[in-house]
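Structure, as structure tokens:
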Amino acid sequence: MSRSWSIREHGHFGHYMRDPSERGQKIKVQEPAMKNSDKYMQEIREYWKKIDELNATLPEKDQFFTVSIQPRCPEPASFFTYYRLYALDNTNPTPLTSKRFTEPRKDYPVLTMLQIFSFRYVGDFLGDQSMLVYGFIAIRDELDCLRNYIFNCPREQAHEITPDLVSITRTECRSDSGTLPLISPVRGNSILDGVLLEYSLKVKSNGSDNAEMDYVLADGCIEYTDHMILRGTTLKSRLFGKLGPVDFHYAFLSQGIEATVDIEIPMASPAWGLKAVTAFTSGLSDAIVLYDGSTDSSPAQSVFPISSVVTVQLGHELKLNFDITSKDTVRKGCARRFVPWKAASAQYQRPDVVMDGEPEPKTYSRFLTFISQKCSFDSGKVSVGDEFKAEVTVIWSTMGPY
1 MSRSWSIREH GHFGHYMRDP SERGQKIKVQ EPAMKNSDKY MQEIREYWKK
51 IDELNATLPE KDQFFTVSIQ PRCPEPASFF TYYRLYALDN TNPTPLTSKR
101 FTEPRKDYPV LTMLQIFSFR YVGDFLGDQS MLVYGFIAIR DELDCLRNYI
151 FNCPREQAHE ITPDLVSITR TECRSDSGTL PLISPVRGNS ILDGVLLEYS
201 LKVKSNGSDN AEMDYVLADG CIEYTDHMIL RGTTLKSRLF GKLGPVDFHY
251 AFLSQGIEAT VDIEIPMASP AWGLKAVTAF TSGLSDAIVL YDGSTDSSPA
301 QSVFPISSVV TVQLGHELKL NFDITSKDTV RKGCARRFVP WKAASAQYQR
351 PDVVMDGEPE PKTYSRFLTF ISQKCSFDSG KVSVGDEFKA EVTVIWSTMG
401 PY
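Just so we're aligned: 273 in UniProt numbering is position 273 of the sequence shown, and the numbers increase by one with no gaps anywhere.
What follows is the structure in structure tokens.
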């Protein structure tokens with residue numbers, strides 16, 4: 001299957017048309033298409049130049065992976081191969097779900113799969129003012145070429161990014177206001193010949209209810225083909241926009257397995273709750289936040305069970321980290337004292353310095369580790385005494401026959 005996005009591959013339309021008038025009409029359409037094709041290619045070259053200049057100032061470990069950014073709506077759309085291959089005119093979400101191929105079959109291959117870790121605005125905040133970001137980020141693979149959302153936020157519920165906001169995002173727990181809170185894809189994303197990342201992010205204009213007055217943060221699509229990707233390492237790419245750059249981290253994992261992580265909380269005493277659940281996949285250092293209690297106003301028990309999809313390389317490790325909090329034993333505000341630090345295999349208690357007075361949450365960390373399989377499932381439990389218990393099931397699946 002040819003994957004060049006240039007319309008030059010189509011040849012002369014007159015070879016296929018017997019009616020001279022029809023051929024003339026097509027040629028009239030072809031001329032602006034060719035002009036736009038050259039324009040888009042020039043924009044890609046300018047982007048490559050920016051990345052090369054930026055990478056020249058960075059150590060190798062911090063350099064950006066170069067991509068080819070293409071318009072989501074090229075003109076005329078039908079002339080561009082990538083637009084047709086990935087059915088970009090179809091904006092429906094994928095109806096396919098996870099856990100579809102959990103039984104062993106010889107004709108179910110393990111393919112390279114894509115895991116997105118983060119999207120982060122790294123530009124300056126004008127006047128240190130917050131920004132309200134909305135729009136979508138989606139992955140289209142060859143299973144059905146429909147959108148598999150990892151960010152989908154309507155204008156009415158725009159997400160606020162603030163220069164000094166401390167937040168936990170789906171990417172990692174840190175003081176980082178520019179990171180968008182990604183959601184779990186509904187299924188894994190595989191790559192046979194190619195996969196396409198589509199995005200359209202906007203910022204609401206201050207004091208205006210007119211969407212036409214909003215600003216474009218990033219808009220475009222990126223096709224990754226099998227021969228151009230690097231596998232088994234975290235990649236970082238940059239998008240340039242008028243408001244500032246957006247960086248995103250991701251990885252292509254060979255022999256990828258879809259891991260659906262289902263979490264339930266059968267028991268939690270009053271004042272006990274789940275603060276966050278993060279996942280680490282295939283030995284990579286970037287974390288994926290499966291649950292973030294700081295961004296959910298509902299009690300922890302009311303939002304469970306939850307289900308998240310993560311990609312894990314076959315035979316590699318999936319590590320889950322549970323941060324469990326209690327507010328009923330530690331108080332702050334009067335006197336400084338030390339809390340004994342306890343450590344055991346794969347678990348610890350913090351903080352070790354607190355203040356007497358007002359309630360201060362204690363955080364307990366618990367870990368579960370699983371080794372990915374081609375199919376079937378695993379399960380595990382985490383607990384803090386008799387106060388809190390969580391149950392985890394991980395369902396392993398390939399992406400089915402190709």
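A virtual CB, placed ideally from N, CA and C, is assigned to each residue, including glycine.
Being a predicted model, the structure only gives us computed values, none of them experimental.
### Collapsed DSSP secondary structure at P76 in the structure displayed
Position 76 of the sequence shown, counted from the first residue, corresponds to residue 76. P76 falls in the coil class under three-state DSSP.
### Query
Which residues in the same chain as K389 place their Cβ atom closer than 8 Å to its Cβ, once the five residues preceding and following it in sequence are excluded?
Position 389 of the sequence shown, counting from 1, holds the residue named residue 389. The residues are I265, P266, M267, A268, K381, V382 and S383.
### Sequence-distant residues of its chain with Cβ nearer than 7 Å to A211 (five each side left out)
Translated into positions along the sequence shown, residue 211 becomes position 211. If we look at A211 and ignore the five residues flanking it on each side, its Cβ neighbours are R155.
### Query
First and last residue of the alpha helix (DSSP H) that includes L85?
As a working note, residue 85 is residue 85 in the sequence shown. T81 to L85 is the extent of the alpha helix (DSSP H) around L85.
### Query
Taking the alpha-carbon positions, what's the E60 to S237 distance?
As a first step, residue 60 must be located in the sequence shown, where it is residue number 60. As a first step, residue 237 must be located in the sequence shown, where it is residue number 237. Going from the Cα of E60 to the Cα of S237 covers about 14 Å.
### Query
Can L132 and K204 be called in contact, C-beta distance under 8 Å?
The residue labelled residue 132 in the question sits at position 132 within the sequence shown. The residue labelled residue 204 in the question sits at position 204 within the sequence shown. Yes, they are a contact pair.
### Message
DSSP three-state label for Y108, please.
### Response
Position 108 of the sequence shown holds residue 108. Correct three-state label for Y108: coil.
### Task
Take T398 as the anchor and find which of G315, K327 and S365 has the nearest alpha-carbon.
By one-based count along the sequence shown, residue 398 stands at place 398. Measuring from the Cα of T398, the nearest candidate turns out to be G315.
### Message
Using 8 Å for Cβ pairs, my map puts N90 next to I139. What's the rounded Cβ distance?
### Response
On the sequence shown, position 90 is the one that residue 90 refers to. On the sequence shown, position 139 is the one that residue 139 refers to. Their Cβ separation, rounded to whole angstroms, is 14 Å, which puts N90 and I139 out of contact at 8 Å.
### Task
Check whether the segment 246-265 touches the segment 278-286, counting contact only when three or more Cβ pairs, one atom from each stretch, lie closer than 8 Å.
yes
### Task
Alpha carbon to alpha carbon, how far is Y134 from I395? Give it in angstroms, no decimals.
Taking the first residue of the sequence shown as position 1, residue 395 is located at position 395. Taking the first residue of the sequence shown as position 1, residue 134 is located at position 134. Straight-line Cα distance between these residues: approximately 32 Å.
### Query
If you follow the beta strand (DSSP E) that L235 is part of, which residue opens it and which one closes it?
By one-based count along the sequence shown, residue 235 stands at place 235. Unbroken beta strand (DSSP E) run through L235: T234 to L239.
### Query
What does a CB cutoff of less than 6 Å around T278 pick up in its chain, not counting 5 residues either side in sequence?
Numbered from 1 along the sequence shown, position 278 holds the residue referred to as residue 278. Within the same chain, T278 has close Cβ partners A287, V289 and N321.
### Collapsed DSSP secondary structure at I183 in the structure displayed
Here residue 183 refers to the residue found at position 183 of the sequence shown. Coil.
### Query
Is the CB-CB distance between V195 and D141 below 8 Å?
To locate residue 195, count along the sequence shown from 1; it is residue 195. To locate residue 141, count along the sequence shown from 1; it is residue 141. A contact, by the Cβ cut-off of 8 Å.
### Query
Under three-state DSSP, which class holds S297?
For the purposes of this step, residue 297 is taken as residue 297 along the sequence shown, with counting starting at 1. Reliability of the predicted coordinates at S297 is poor, the pLDDT of 49 falling under 50, and no value is obtained from them.
### Query
Cα separation between I263 and H227?
Reading the sequence shown from its first residue, position 263 is the one you call residue 263. Reading the sequence shown from its first residue, position 227 is the one you call residue 227. The alpha-carbon atoms of I263 and H227 are separated by roughly 37 Å.
### Query
Roughly how many angstroms lie between the CA atoms of L88 and I44, to the nearest whole one?
In the sequence shown, counting from the first residue as 1, residue 88 sits at position 88. In the sequence shown, counting from the first residue as 1, residue 44 sits at position 44. Their Cα atoms are separated by approximately 20 Å.
### With 16 other Cβ atoms within 10 Å as the buried cut-off, status of E258
Here the question's residue 258 lines up with position 258 in the sequence shown. It counts as buried.
### Query
Between the beta-carbon of V392 and the beta-carbon of S376, is there less than 8 Å?
For the purposes of this step, residue 392 is taken as the residue at position 392 of the sequence shown. For the purposes of this step, residue 376 is taken as the residue at position 376 of the sequence shown. For V392 and S376, no; Cβs fall outside 8 Å.
### Task
With D378 as the anchor, note down where its beta strand (DSSP E) starts and where it stops.
On the sequence shown, position 378 is the one that residue 378 refers to. Counting along the chain, the beta strand (DSSP E) containing D378 begins and ends at F377 to V384.
### Task
Quick one: grab the DSSP three-state call for K342.
To locate residue 342, count along the sequence shown from 1; it is residue 342. In this prediction, K342 scores a pLDDT of 36, lower than 50, which makes its location untrustworthy; the coordinate-derived value is nonetheless stated afterwards. Three-state DSSP puts K342 in coil, outside helix and strand.
### Query
Is the beta carbon of F119 sitting closer than 8 Å to the one on P163?
Taking the first residue of the sequence shown as 1, we reach residue 119 at position 119. Taking the first residue of the sequence shown as 1, we reach residue 163 at position 163. Against a cut-off of 8 Å, the Cβ pair of P163 and F119 comes out as no contact.
### Task
Grab me the residues of T234's own chain with a C-beta within less than 8 Å of its C-beta, minus the 5 sequence neighbours each way, in chain order.
Residue 234 sits at position 234 when you count from the first residue of the sequence shown. So the list reads F117, H249, Y250, A251, L284, S285 and D286, once near-sequence residues are dropped.
### Task
Using three-state DSSP, classify G123 as helix, strand or coil.
Counting from one through the sequence shown, the residue named residue 123 turns up at place 123. Three-state DSSP puts G123 in coil, outside helix and strand.
### Query
What do you get for R105, buried or exposed, if any count of 16 or more other CB atoms within 10 angstroms of its CB means buried?
As a first step, residue 105 is located in the sequence shown; it is residue number 105 there, counting from the start. Exposed, because fewer than 16 other Cβ atoms sit within 10 Å of the Cβ of R105.
### Query
Less than 8 Å separating the beta-carbons of N36 and P93?
In the sequence shown, the residue the question calls residue 36 occupies position 36. In the sequence shown, the residue the question calls residue 93 occupies position 93. No.
### Query
Tell me which same chain residues have a C-beta within less than 6 Å of the C-beta of T325, skipping the five on either side of it?
Numbered from its first residue, the sequence shown carries residue 325 at position 325. Same-chain partners within the cutoff: G273, K275, P361 and T363.
### Query
Helix, strand or coil: how does DSSP classify A33 here?
Your numbering for residue 33 matches position 33 in the sequence shown. In the structure shown, A33 sits in a helix (DSSP, three-state: H, G or I).
### Query
Identify the residues that DSSP records as bridge partners of P93: which are they?
Stepping through the sequence shown from its first residue, residue 93 is reached at position 93. R147.
#### Entry: Per DSSP, cross-strand counterpart(s) of A138
Here residue 138 corresponds to residue number 138 of the sequence shown, with the count starting at 1. Partner(s): Y149 and E198.
### Task
In angstroms with no decimal places, state the Cα-to-Cα distance between Y215 and K50.
Counted from its first residue, the sequence shown places residue 215 at position 215. Counted from its first residue, the sequence shown places residue 50 at position 50. Their backbone Cα atoms lie some 22 Å apart in a straight line.
### Task
Report yes if the CB atom of V67 is closer than 8 Å to the CB atom of I222, and no otherwise.
By one-based count along the sequence shown, residue 67 stands at place 67. By one-based count along the sequence shown, residue 222 stands at place 222. In contact: V67 and I222 (Cβ atoms closer than 8 Å).
### Query
By Cβ distance below 7 Å, which residues in the same chain neighbour G178 in space, the five residues on each side in sequence not counted?
Translated into the one-based positions of the sequence shown, residue 178 becomes position 178. Counting only Cβ-Cβ distances below 7 Å, and skipping sequence neighbours, we find R120, Y121, V122 and I161.
### Message
Are the CB atoms of V309 and P185 within a distance shorter than 8 Å?
### Response
Locating residue 185 in the sequence shown gives position 185, counting from the first residue. Locating residue 309 in the sequence shown gives position 309, counting from the first residue. Yes, they are a contact pair.
### Query
Do R72 and S200 have their C-beta atoms closer together than 8 Å?
Here residue 72 is taken as the residue at index 72 of the sequence shown, counted from 1. Here residue 200 is taken as the residue at index 200 of the sequence shown, counted from 1. Going by C-beta atoms, R72 is nearer than 8 Å to S200.
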